[in-house]
Structures are given as structure tokens and as C-alpha cells.
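Have a look at the structure below, then the notes.
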Amino acid sequence: MTDFAIADNPDAHRFELKAGGAVAAQAEYELLPGAVKFTHTEVLPGHEGKGFGSKLAKFALDDVRRRGLNVVPACEFIAGYIGKHPGYLDLLTEDTRRAYKL
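Numbering (the working numbering), first residue to last: 24 to 125.
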């Protein structure tokens with residue numbers, strides 16, 4: 024198993040998963056009033072198939088929950104993750120759930 028660490032990098036407006044000290048996956052976001060809008064999630068070449076995208080999504084959504092904010096899943100990966108893990112649906116407003124069909 025590859026050692027990894029996940030953290031929010033607020034200066035870059037993204038959550039980062041680092042493996043071996045280098046960024047292996049990232050989830051970019053915009054801060055909105057009362058919400059975090061995820062705009063793009065990427066697993067960098069050479070790191071695919073290790074579950075890093077899912078680990079990153081879980082960490083990011085748990086962090087947003089801890090901060091008491093809502094989520095706008097403009098990123099298809101984050102929207103798909105929420106669809107597969109309905110325990111995160113409470114992070115979406117009803118309007119957001121309708122807009123993203125979740």
C-alpha cells in the first residue's frame with residue numbers, strides 16, 4: 024500500500040492527496056457563501072487505479088461537513104461519488120440535489 028497524506032491547500036483552492044511527497048490527486052474548489060463548489064477532480068498520470076480519487080473525495084466531503092458548509096458538486100467525479108455514497112446527500116441543498124439529479 025502506498026503511503027499518502029491528504030490536506031486542504033486553501034491558497035491553491037484545492038484538496039491534495041500526496042503520495043511519496045508529490046501531489047497524486049487533487050480536487051479543486053471555489054468557496055461560496057455557505058458552500059464549497061467542487062469544480063474539478065483529477066488523479067495524475069501514474070496514480071490511477073489506486074483508489075486515490077475516492078479517498079480524496081471522502082476526505083474533502085468530510086472536511087466540508089466538519090466546517091458546517093454545503094456542497095455544490097459541479098465536478099462530475101464528486102457528483103458521482105455522492106451518488107454512490109448517499110450518506111453525503113445531506114451536504115446538498117434541495118435545489119442543488121434537483122439541479123444535479125441526486
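All residues carry an ideal CB built from backbone N, CA and C; glycine is no exception.
Among residues of its own chain, excluding the 5 on either side of residue i, which ones have a beta-carbon nearer than 8 Å to its beta-carbon?
i: Ile101; result: Ala50, Phe61, Thr64, Ala80, Ala83, Leu84, Val94
In angstroms with no decimal places, state the Cα-to-Cα distance between residue i and residue j.
i: Leu54; j: Pro33; result: 10 Å
i: Thr119; j: Phe38; result: 22 Å
i: His36; j: Val59; result: 10 Å
i: Lys124; j: His70; result: 30 Å
i: Arg90; j: Gly57; result: 10 Å
i: Ala45; j: Pro68; result: 12 Å
i: Glu117; j: Gly72; result: 33 Å
i: Ala122; j: Leu92; result: 18 Å
i: His108; j: Ile29; result: 20 Å
i: Gly128; j: Glu99; result: Not covered by the structure: residue 128. The range shown for the chain is 24 to 125.
Going along the chain, which residues of its own chain have a beta-carbon closer than 6 Å to the beta-carbon of residue i, five neighbours each way excluded?
i: Phe75; result: Leu40, Ala47, Ala48, Val66
i: Gly106; result: Leu125
Less than 8 Å between the CB atoms is what I'm expecting for residue i and residue j, so what's the real figure, rounded?
i: Leu114; j: Arg88; result: 6 Å
Given a cut-off of 8 Å, decide if residue j and residue i are closer than it, judged by their beta-carbon atoms.
i: Ser77; j: Tyr104; result: yes
Going by the DSSP bridge assignment, what does residue i pair with across the sheet?
i: Leu54; result: Val59
i: Thr64; result: Ala50
Apart from the five residues on each side of it in sequence, which residues of its chain come closer than 7 Å, Cβ to Cβ, to residue i?
i: Asp31; result: Phe38, Asp86
i: Ala97; result: Lys60, Phe61, Thr62
Taking 8 Å as the CB-CB cut-off, is residue i touching chain B?
i: Glu39; result: Structure shown: chain B not included; a single protein chain is present.
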